[in-house]
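Here the sequence shown stands for residues 1 to 284, where the numbers follow the numbering used here.
Notes to accompany the following structure.
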Amino acid sequence: MPAVDATTLGVEWRADGARVVAVQRRTGVGDVRQVLGPPDAAAVAAACRVVVERCPQRPTAIALAARELPWSAAVDRARAVGDAAGLPCVPVGTGTSALLAHLARIDRGPPRNIALLSLGEALDVGVWVGGRPLHTDGRDPDVNHWPLDPAGERCGCGGRGCATTVLGPAALARTAALAQLPASAGQGGADLAGRAEAGDPMARAVLQRMADDALRFGRALVAAYGITALALHWPTAAERGVVADLLRAAAARRLPAAIAVRVARLNVDGIAEGAGRWAMRRHR
């Protein structure tokens, strides 16, 4: 068994930069290093080496989460970062990373069958079945193009009304624009959440629409994978408040009463932290 204070590195790779964090099993995120601007493997590896030097206990492995990259490219990128940093590095999905960060915050034993839907900035989905990720290599489940609305927008996948077109960033921007909200309300989700918490009725209406669509998707995941618990994440949403109430109300309308519903809180380090926790699982 690994030492309880084992340390790993997690990397969130984005088109506009990267975030490297040291993660300890018990205490969570420690040191943080950012790479500004479009990253490359050398820059991310250099940031990893800086964090390694600052860690009281030498990290044993790295995991890299990259939403914008196809899985095969993420595998290659992780290998390049690991070679340059001098540590084993594996890829992991952003949805799986978000779910791992959420599970680390559950005081009691985590549910064996749980899904996480993260909305607003992107559509990230993590699925945990039988106490482990759906894909043992860390890939996110291939559900982002799940059909939800046959009459919906056409997607690059070739279908209409898939989960990406109904719940992704473009759907949020489109729904906010139809509600005549400022453009900022349709970007990333945090601005919209702030408006809803402040009592803006149109922001609440947009969030309710997104929540209802998300829970239709959640219901499909429950049926497909035997999910018994569902975690819902919206940027800046607390466990209590207007956004949390809207998410829970949609869950009450759409899901069987036996499904446990949580509002997940993930901070700016959440994806990178979850990646680091995946590295712990892979390198014991």
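Cβ coordinates follow ideal geometry from the N, Cα and C atoms, glycine included.
Do the CB positions of residue i and residue j come within less than 8 Å of each other?
i: Trp-13; j: Ala-65; result: yes
i: Ala-260; j: Thr-228; result: yes
i: Leu-148; j: Ala-163; result: yes
i: Ala-279; j: Val-129; result: no
i: Arg-160; j: Ala-173; result: no
i: Val-206; j: Leu-181; result: yes
i: Ala-98; j: Ser-118; result: yes
i: Gly-126; j: Gly-168; result: no
i: Val-243; j: Ala-185; result: no
i: Thr-8; j: Ala-61; result: yes
i: Ala-63; j: Arg-248; result: no
i: Gln-208; j: Leu-255; result: no
i: Ala-122; j: Arg-67; result: yes
i: Asp-213; j: Val-166; result: yes
i: Ala-84; j: Ala-42; result: yes
Classify residue i as buried or exposed, calling it buried when 16 or more other Cβ atoms lie within 10 Å of its own Cβ.
i: Asn-267; result: exposed
i: Cys-155; result: buried
i: Pro-201; result: exposed
i: Cys-157; result: exposed
i: Asp-107; result: exposed
i: Ala-22; result: buried
i: Thr-136; result: exposed
i: Gly-120; result: buried
i: Ala-258; result: exposed
i: Pro-56; result: exposed
i: Gln-24; result: buried
i: Thr-27; result: exposed
i: Val-50; result: exposed
i: Gly-138; result: buried
i: Leu-87; result: buried
i: Leu-178; result: exposed
i: Pro-59; result: buried
i: Glu-53; result: exposed
With DSSP collapsed to three states, give me the class of residue i.
i: Trp-286; result: The question about residue 286 has no answer here: the residues shown for the chain are numbered 1 through 284.
i: Gly-168; result: coil
i: Ala-65; result: strand
i: Met-1; result: Here the model assigns Met-1 a pLDDT of 42, short of 50, so the residue's position is not dependable and the matter cannot be decided.
i: Thr-8; result: strand
i: Val-52; result: helix
i: Leu-36; result: strand
i: Val-29; result: strand
i: Gly-126; result: strand
i: His-283; result: coil
i: Val-143; result: coil
i: Arg-160; result: strand
i: Ala-151; result: coil
i: His-135; result: coil
i: Ala-179; result: coil
i: Gly-189; result: coil
i: Arg-58; result: coil
i: Ala-15; result: coil
i: Ala-173; result: helix
i: Ala-286; result: Only positions 1 to 284 of the chain appear in the structure, and residue 286 is not among them; the question remains open.
>> My parser needs the alpha helix (DSSP H) runs of 4 or more residues fully inside the region 192–269; what are they?
In response: For the region 192–269, whole alpha helix (DSSP H) runs of length 4 or above, ordered along the chain, are 201–225 and 242–254.
> Just checking, does the region 106–121 make contact with the region 73–80 on the three C-beta pairs under 8 Å criterion?
Replying inline: Contact fails: fewer than three Cβ-Cβ distances are below 8 Å.
> In the region 68–124, which residue ranges form an unbroken beta strand (DSSP E) of at least 3 residues, counting only runs that do not cross its ends?
Replying inline: DSSP runs (the beta strand (DSSP E)) wholly in the region 68–124: 89–92 and 114–118.
> Any chance the region 15–27 sits against the region 35–42, with 3 or more Cβ pairs inside 8 Å?
Replying inline: Yes, since at least three Cβ pairs between the region 15–27 and the region 35–42 fall closer than 8 Å, the two stretches touch.
>> Measuring CB atoms only, is the region 181–196 touching the region 211–231, in the sense that at least three cross pairs come out at less than 8 Å?
In response: No, the region 181–196 is not in contact with the region 211–231.
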